[in-house]
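Working notes, beginning with the structure itself.
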Ligand SMILES: [Zn+2]
């Protein structure tokens with residue numbers, strides 16, 4: 253499995269077999285993570301405040317996506333600004349949970365090295 257597929261599907265960055273989020277998703281706690289990967293034992297929260305930087309990642313991702321689609325609708329498809337705004341709000345609600353988890357997943361994939369041989373000791 254390549255790193256993009258692994259990050260997109262929230263696999264553990266180290267073994268790419270375990271999952272880093274609790275599934276199925278619970279809406280009251282969308283960021284619930286097990287303490288460690290069930291396959292290789294990689295900690296899902298290596299240090300306090302580890303995911304602080306993923307906030308910027310989700311900000312950038314949603315910014316590009318929402319602003320990009322709004323500009324496209326207004327200048328390319330001749331929507332009014334209000335119509336585009338409504339669309340952007342719907343889109344934001346739709347992608348909110350995906351972006352939330354994906355930013356954390358990408359963040360830990362950027363830090364933890366892939367080690368296919370890793371198993372829990
Ligand atoms: Zn693992």
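Numbering (this note's numbering), first residue to last: 253 to 373. Glycine included, C-beta positions come from ideal geometry on N, C-alpha and C. Predicted model, so just to flag it, every value in this text is computed and none were measured.
Any idea what DSSP makes of residue 350, helix, strand or coil?
If you number the chain shown from 1, residue 350 lands on position 98. Reduced to three states, the DSSP call for residue 350 is helix.
Is any non-hydrogen atom of ligand 1 found closer than 8 Å to the C-beta of residue 365, if you look at the structure I gave you?
Residue mapping note: residue 365 aligns to position 113 of the chain shown, counting from 1. The closest heavy atom of ligand 1 lies 8 Å or more from the beta carbon of residue 365.
Do residue 268 and ligand 1 come close, with the Cβ less than 8 Å from some heavy atom?
To locate residue 268, count along the chain shown from 1; it is residue 16. Residue 268 has its Cβ nearer than 8 Å to a heavy atom of ligand 1.
Residue from 284, 290 and 366 whose Cα sits closest to the Cα of residue 352
The sequence position of residue 352 within the chain shown is 100, counting from 1. Of 284, 290 and 366, the residue nearest in Cα terms is 284.
Rounded separation between residue 354 and residue 255 - CA only:
Here residue 354 refers to the residue found at position 102 of the chain shown. Here residue 255 refers to the residue found at position 3 of the chain shown. Taking the straight line joining both Cα atoms gives about 13 Å.
Taking DSSP's pairing of strands, which residues face residue 263 in a bridge?
Start at 1 with the first residue of the chain shown, and residue 263 comes out as number 11. Answer is 271, bridged to residue 263.
Residue 309 versus residue 358: straight-line alpha-carbon distance, rounded
Numbered from its first residue, the chain shown carries residue 309 at position 57. Numbered from its first residue, the chain shown carries residue 358 at position 106. Cα to Cα, residue 309 sits roughly 9 Å from residue 358.
Helix or strand or just coil, what does DSSP make of residue 295?
In the chain shown, residue 295 corresponds to position 43, counting from 1. The answer is strand: DSSP assigns residue 295 an E or B state.
Contact check, residue 266 vs residue 367 under 8 Å by CB: the rounded distance?
For the purposes of this step, residue 266 is identified with residue 14 of the chain shown, where counting begins at 1. For the purposes of this step, residue 367 is identified with residue 115 of the chain shown, where counting begins at 1. So it is a contact: roughly 5 Å between Cβ atoms.
Beta-carbon spacing of residue 276, residue 349 below 9 Å:
Counting from one through the chain shown, the residue named residue 276 turns up at place 24. Counting from one through the chain shown, the residue named residue 349 turns up at place 97. Against a cut-off of 9 Å, the Cβ pair of residue 349 and residue 276 comes out as no contact.
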